[in-house]
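Before any comments, here is the structure.
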Amino acid sequence: MNIIKIGLFSITMLILLTPISSFAAEENKGLAISKEAKSRDLGWQDSQAEMEMVLKNQHGETSNRLMRIKTMEQANDGDKSLTIFDSPNDVKGTAFLSFSHPNDDDEQWLYLPALKRVKRISSRNKSGSFMGSEFSFEDLTSFEVEKYDYKFIRDDKLDGQDVWVIEQFPKDKYSGYTKRIVWIDKAEYRTQKSEFYDRKGSLLKTLTFSDFKKYLDKYWRAQKLEMVNHQSGKSTVLTWKNYQFKQGLDEGDFNKNALKRAR
Amino acid sequence: MKKKLILSALTIGLISSFSQLQANEFEVRGNIELQGRFFLEDPSFQTQHDTYLSLAAAPEFLWQWNDGNDSLEFIPSARVDQHDDERTHTDIRELGWIHVGDGWESRVGIRRVFWGVTEFQHLVDIINQTDAVEDIDNEDKLGQPMLNLSLVQDWGIIDFYVLPYFRERTFAGAEGRPGIPFINSNEVFYESDDEEKHVDWAVRWSHYIGDFEFALSWFEGTSRDPLLIVNPESIINPNIDFELAPYYHQIRQLGGELQANLGDVLWKLEMIHNDNNFEDFWALQGGLEYSQYGIMETSADLGWLLEYGWDERGKDSRSNFQNDLFFGNRLAFNDVDSSELLWGLSYDLDHKSKSFLVEASKRFGNSLKVSLDVRLFQSDEPEDSTFLFRKDDHIQLTAQYYY
Numbered sequence: 599m600n601i602i603k604i605g606l607f608s609i610t611m612l613i614l615l616t617p618i619s620s621f622a623a624e625e626n627k628g629l630a631i632s633k634e635a636k637s638r639d640l641g642w643q644d645s646q647a648e649m650e651m652v653l654k655n656q657h658g659e660t661s662n663r664l665m666r667i668k669t670m671e672q673a674n675d676g677d678k679s680l681t682i683f684d685s686p687n688d689v690k691g692t693a694f695l696s697f698s699h700p701n702d703d704d705e706q707w708l709y710l711p712a713l714k715r716v717k718r719i720s721s722r723n724k725s726g727s728f729m730g731s732e733f734s735f736e737d738l739t740s741f742e743v744e745k746y747d748y749k750f751i752r753d754d755k756l757d758g759q760d761v762w763v764i765e766q767f768p769k770d771k772y773s774g775y776t777k778r779i780v781w782i783d784k785a786e787y788r789t790q791k792s793e794f795y796d797r798k799g800s801l802l803k804t805l806t807f808s809d810f811k812k813y814l815d816k817y818w819r820a821q822k823l824e825m826v827n828h829q830s831g832k833s834t835v836l837t838w839k840n841y842q843f844k845q846g847l848d849e850g851d852f853n854k855n856a857l858k859r860a861r
Numbered sequence: 340m341k342k343k344l345i346l347s348a349l350t351i352g353l354i355s356s357f358s359q360l361q362a363n364e365f366e367v368r369g370n371i372e373l374q375g376r377f378f379l380e381d382p383s384f385q386t387q388h389d390t391y392l393s394l395a396a397a398p399e400f401l402w403q404w405n406d407g408n409d410s411l412e413f414i415p416s417a418r419v420d421q422h423d424d425e426r427t428h429t430d431i432r433e434l435g436w437i438h439v440g441d442g443w444e445s446r447v448g449i450r451r452v453f454w455g456v457t458e459f460q461h462l463v464d465i466i467n468q469t470d471a472v473e474d475i476d477n478e479d480k481l482g483q484p485m486l487n488l489s490l491v492q493d494w495g496i497i498d499f500y501v502l503p504y505f506r507e508r509t510f511a512g513a514e515g516r517p518g519i520p521f522i523n524s525n526e527v528f529y530e531s532d533d534e535e536k537h538v539d540w541a542v543r544w545s546h547y548i549g550d551f552e553f554a555l556s557w558f559e560g561t562s563r564d565p566l567l568i569v570n571p572e573s574i575i576n577p578n579i580d581f582e583l584a585p586y587y588h589q590i591r592q593l594g595g596e597l598q599a600n601l602g603d604v605l606w607k608l609e610m611i612h613n614d615n616n617f618e619d620f621w622a623l624q625g626g627l628e629y630s631q632y633g634i635m636e637t638s639a640d641l642g643w644l645l646e647y648g649w650d651e652r653g654k655d656s657r658s659n660f661q662n663d664l665f666f667g668n669r670l671a672f673n674d675v676d677s678s679e680l681l682w683g684l685s686y687d688l689d690h691k692s693k694s695f696l697v698e699a700s701k702r703f704g705n706s707l708k709v710s711l712d713v714r715l716f717q718s719d720e721p722e723d724s725t726f727l728f729r730k731d732d733h734i735q736l737t738a739q740y741y742y
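Structure, rendered in structure tokens:
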């Protein structure tokens, strides 16, 4: 009886002890890589670009979304961004202002041009679809190291490139995901692929990044992002065009007045 | 004189900034709509009809120059109604020039401005006159001539307005429905001797701290909401039937707005104090909006709306929402066609009257949007303002083409 107990105890100790040390190492390595990836992407100050989304349903029917996005880096805080919608035609002139925060709820306002109304909206809607696409709101917010816990999985190869495979666990209880797995290339610390796991732990979506282009001799941007939803069979291809950096945007381009005159 | 001054100020400003014209951008967008209203009961008034068709257009012309720091916006609007001469009307919704400086912004011309946070009633919103013939929900506004200076400070945004010309409210004509045919909007009375040329002014401070949005405003000038008086002509002149006419009095109004985003619940409150030579009173509209995201394993969001409207003047006042409860749901499917469904019920706790509305809309392709609205009214007390609409239950079908 005692032997069994002791035996069980030691087995438990084994299970508890070994993973703890190696888990900490895996966590540290995952965190370190993600931190480095983020820090390599700091200092671009501000950017402007056009975004096109092509939404495809199970039957292959497509629908387009066009928008312009201005973004500004913040010292020791998440980015500020202003999104202006150009298509479909009935949402032309609708604009969205967002201040993201690594450790806090984001602040978000929506401008409805028909009513001339600025609405402060709830930022709790992380998992909801963005404009009917397969991208959710949280897929489109800026990556902040503090928003996740990390676990390094393995070294691997993806399309001939050496990559690290890391699990990222969202800290936010309102996230639509239990985890995402990211493939980061060792050469340039760019995320090449992400898998998203839903609240039940099943694979929901895969996002693939391609057509990388280097700006200001330092900052890599994927021009094409393809999100495939494995559960619904729908997909969305997001294309970035006309990236411009350091155009001198300031705080005045990211307040409620700027939101109201966004066209 | 004042108008001339403003016009010349506008012209000088425009010329000087046009001269710095560099990257000039011009864009046209807008929509054309075809609408049918179908009434379910025989009308209360003989002059009214059962079916109304109308056609409307609102093109938008947008210019931008000086690196986007100057812009000009021109939005005319027009509607042609099958029966209602008053609903057949045109308006300049916007003809305004915006100049952006460092921490300030000037907006000169005809514009629309919205103040407020609540959904079922907009108490604080006062800059623009309601274009009441467009729809009975008071969401459509007439363009208001203004000089507006907006300052962005660390402690919020402060807006100053000078409003040199007053716009009369539109009322449905004799054949219009829903409508009150014995209101004659061609006879208008003012408290001020300056009549529609009275210069009104307003100021609003708005700010936010964390999850709390708030604003305070002050307005002094001609009431947008007229008193309805018996047209003296209709008493003196036996050839004129009894009719009411709008009387625009002078008011001072203090407004307060508060919205708190606490978790999944948005708490909303609007309060006003209106002071004039006939009465002074407090009124408020407040409530909450609770949202559920991704209901029943779909991507649809369901919002629950609950609001209460109160007016100090009570049951016998001309206020529509003196002790009224509002309840509704907003269902957004978040699909490719942006399908949406909103329904709401307002219940007057004093008069026991009810009104019910449904608004459903869906996009077809990239440019066509179709909306189906249903409005039902129930009222048994003649003292209640809803009583005049009790037979005006209707279905409204609107197809809008956007470009």
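Going line by line, the protein sequences match chains W and E. Position in the first sequence counted from 1, then plus 598, gives you the working numbering. Position in the second sequence counted from 1, then plus 339, gives you the working numbering. All residues carry an ideal CB built from backbone N, CA and C; glycine is no exception. Please read these numbers as outputs of a predicted model, since none were measured by experiment.
Does DSSP classify residue i as helix, strand or coil?
{"i": "W/T681", "result": "strand"}
{"i": "E/T725", "result": "helix"}
{"i": "E/D650", "result": "strand"}
{"i": "W/N853", "result": "coil"}
{"i": "E/V447", "result": "strand"}
{"i": "W/A820", "result": "strand"}
{"i": "E/R702", "result": "strand"}
{"i": "W/D754", "result": "strand"}
{"i": "E/G626", "result": "strand"}
{"i": "E/V542", "result": "strand"}
{"i": "E/L360", "result": "Only weak support exists for where E/L360 lies, its pLDDT of 49 falling under 50; the value from the coordinates is given anyway. If DSSP states are grouped into helix, strand and coil, E/L360 belongs with coil."}
{"i": "E/I475", "result": "coil"}
{"i": "E/V463", "result": "coil"}
{"i": "W/R859", "result": "helix"}
{"i": "E/G549", "result": "coil"}
{"i": "E/I574", "result": "helix"}
{"i": "E/G407", "result": "helix"}
{"i": "E/V439", "result": "strand"}
{"i": "E/S489", "result": "strand"}
{"i": "E/Y740", "result": "strand"}
{"i": "W/N687", "result": "helix"}
{"i": "W/E736", "result": "helix"}
{"i": "E/A671", "result": "strand"}
{"i": "W/M729", "result": "coil"}
Name the DSSP bridge partner or partners of residue i?
{"i": "E/P398", "result": "E/G369"}
{"i": "W/T804", "result": "W/E793 and W/V826"}
{"i": "E/W454", "result": "DSSP, once it has assigned bridges, lists no residue as partnering E/W454."}
{"i": "E/R714", "result": "E/L696 and E/H733"}
{"i": "W/K627", "result": "None, per the DSSP bridge assignment."}
{"i": "E/W494", "result": "E/W494 pairs with nothing; no bridge assigned."}
{"i": "E/V586", "result": "One point to set straight first is that residue 586 of chain E is Tyr, not Val, in the sequence displayed. For E/Y586, which the question treats as bridged, DSSP gives the partners E/F528 and E/L566."}
Throw me the rounded Cβ distance for the residue i and residue j pair, which I believe falls under 8 Å.
{"i": "W/Y813", "j": "W/Y787", "result": "So it is not a contact: roughly 15 Å between Cβ atoms."}
{"i": "E/L462", "j": "E/I611", "result": "5 Å"}
{"i": "W/F807", "j": "W/L823", "result": "6 Å"}
{"i": "W/L802", "j": "W/Q759", "result": "Actually they do not touch by this definition, with Cβ atoms about 25 Å apart."}
{"i": "E/G683", "j": "E/F665", "result": "6 Å"}
{"i": "E/N408", "j": "E/H388", "result": "Contact flag wrong, Cβ pair sits at about 50 Å."}
{"i": "W/Y772", "j": "W/K832", "result": "Not confirmed; about 23 Å, so no contact."}
{"i": "W/K745", "j": "W/P700", "result": "6 Å"}
{"i": "E/L490", "j": "E/F553", "result": "That pair is no contact at about 17 Å."}
{"i": "E/F377", "j": "E/I734", "result": "5 Å"}
{"i": "E/E559", "j": "E/D539", "result": "7 Å"}
{"i": "W/D644", "j": "W/M665", "result": "Incorrect: roughly 17 Å between the Cβ atoms, too far for contact."}
**Message:** Can you pull out the residues from the segment 674-686 of chain W whose beta carbon lies closer than 9 Å to at least one beta carbon of chain B?
**Reply:** Although the question refers to chain B, the structure presented lacks it and instead comprises the protein chains W and E.
**Message:** Within 8 Å, do at least three Cβ pairs link the segment 688-697 of chain E to the segment 660-669 of chain E?
**Reply:** yes
**Asked** Contact between the segment 569-585 of chain E and the segment 624-641 of chain E: three or more CB pairs below 8 Å?
**Response** No, the segment 569-585 of chain E is not in contact with the segment 624-641 of chain E.
**Asked** Counting Cβ pairs, one atom from each stretch, are 3 or more of them under 8 Å apart for the segment 684-692 of chain W and the segment 707-718 of chain W?
**Response** yes
**Asked** So does the segment 423-438 of chain E actually touch the segment 502-516 of chain E, counting three or more Cβ pairs closer than 8 Å?
**Response** yes
**Residues of the segment 394-424 of chain E with Cβ closer than 9 Å to any Cβ of chain W, in chain order** = E399, L401, Q403, G407, S410 and E412
**Request:** With 7 Å as the limit, tell me which residues of the segment 603-619 of chain E have their beta carbon closer than that to any beta carbon of chain W; keep them in chain order.
**Result:** D603 and L605
**Request:** Please name the residues in the segment 490-521 of chain E whose beta-carbon is closer than 7 Å to at least one beta-carbon of chain W, in chain order.
**Result:** V491 and I496
**Request:** Could you say if the segment 568-577 of chain E and the segment 412-419 of chain E meet the contact criterion of at least three C-beta pairs nearer than 8 Å?
**Result:** no
**Request:** Closer than 8 Å, Cβ to Cβ, to anything on chain E: give me those residues from the segment 761-782 of chain W, in chain order.
**Result:** G774
**Asked** Taking three-plus beta-carbon pairs below 8 Å as touching, is the segment 761-771 of chain W in contact with the segment 635-644 of chain W?
**Response** no
**Request:** Determine contact between the segment 643-651 of chain E and the segment 627-635 of chain W, defined as no fewer than three beta-carbon pairs at a distance below 8 Å.
**Result:** no
**Message:** For the segment 598-605 of chain E against the segment 491-500 of chain E, do three or more pairs of beta-carbon atoms, one drawn from each stretch, fall closer than 8 Å, so that the two count as touching?
**Reply:** no
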